[in-house]
Amino acid sequence: MSELKKYCWDNLIDAETREIYQSYERAPFIGKKPALLLIDLYNLAYEGGPLPVREVVKNHPSSCGIHAWNAVEPTKQLLSLARSHHIPVIYSTQGTNHIKATNRQRNAVLSNSYEIHEAFRPEREDLIIRKERASCFFGTPLIAYLTQMGIDSLIICGESTSGCVRATAVDAYSYGFHPVIAEECTFDRSVISHKISLFDLHHKYADVMSMDEVKAHLNLQMGVF
1 MSELKKYCWD NLIDAETREI YQSYERAPFI GKKPALLLID LYNLAYEGGP
51 LPVREVVKNH PSSCGIHAWN AVEPTKQLLS LARSHHIPVI YSTQGTNHIK
101 ATNRQRNAVL SNSYEIHEAF RPEREDLIIR KERASCFFGT PLIAYLTQMG
151 IDSLIICGES TSGCVRATAV DAYSYGFHPV IAEECTFDRS VISHKISLFD
201 LHHKYADVMS MDEVKAHLNL QMGVF
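Structure, rendered in structure tokens:
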């Protein structure tokens with residue numbers, strides 16, 4: 001791991017662990033044909049507003065509170081960047097068969113609970129994947145869509161880092177797609193879970209990049225300077 005680059009997990013990882021993980025060092029990249037995957041940015045994640053999670057989950061157990069709201073602007077920027085480069089955009093949301101993706105207690109579900117939050121409104125040409133489990137690949141046609149479009153890399157954002165983001169990134173790697181995780185555009189209810197999940201994913205399965213890095217890689221690929 002480069003000592004020059006700053007990551008959100010730096011304050012949690014000791015020198016011994018850094019040494020152990022040196023064998024995972026590599027140059028991060030985005031594939032030649034990426035797609036943007038926005039995971040579970042539905043209304044439930046934002047219920048209760050930008051409050052500390054320990055407060056908001058008392059009435060809204062599916063909310064990610066302030067962490068979700070802090071990721072809104074970076075995610076909007078990433079979505080705009082993808083659209084400007086004509087990168088395919090794919091959303092995931094909860095299915096309708098009432099199978100739980102995790103064992104967490106859930107809110108009372110309203111008619112619009114699993115609609116994509118208005119900050120990230122899908123456009124007509126975007127794909128929406130409805131899933132029942134944590135991974136966007138499990139029991140969905142996502143692989144077929146990606147193969148049909150010739151996608152080789154997935155830029156991943158959304159929630160939660162330790163749950164659906166992690167499960168999807170691991171499956172993406174397993175199926176031969178290169179996962180890239182936009183650091184500022186993912187979030188979790190627990191800061192520790194968020195940081196440790198990103199650390200582990202970065203070293204084993206995915207490239208965690210800042211928004212500036214994602215922008216630089218995409219602009220270089222598209223010849224934008």
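The opening position of the sequence shown corresponds to residue 1 in full-length UniProt numbering, with each subsequent residue numbered one higher.
Beta carbons are placed, not taken as given, at the ideal position from N, Cα and C, and that holds for glycine.
All of these numbers come straight from a predicted model, not from anything done at the bench.
Closest in C-alpha terms to T93, from the list H60, S80, L142, comes L142. Around the beta carbon of E118, a 10 Å sphere encloses fewer than 16 other beta carbons of the protein chains shown; the residue is thus reported as exposed. Going by C-alpha positions, I151 is about 32 Å away from D10. Under DSSP, the beta-bridge partners assigned to T186 are G158.
DSSP places S92 in the strand class (E or B) of the three-state scheme. Residue environment analysis places P52 among the exposed positions, since fewer than 16 neighbouring C-beta atoms fall within 10 angstroms of its C-beta.
Shown here for S190: same chain residues with a beta carbon closer than 8 Å to its own, the five before and five after excluded, namely V53, S162 in chain order. Taking L12 as the centre and dropping the five residues before and after it, the same chain places the C-beta of K195 closer than 6 Å to its C-beta, in chain order.
Annotation: C8 to A82 spans about 23 Å, alpha carbon to alpha carbon. In the structure shown, V214 adopts helical secondary structure according to DSSP, grouped into three states. C157 and E183 have their alpha carbons spaced roughly 8 Å apart. Take the alpha-carbon of Y91 and the one of D40: they are about 7 Å apart. D10 sits in coil when the DSSP states are folded into three classes, being neither helix nor strand. By DSSP's assignment, S153 forms a beta bridge with P34, H178.
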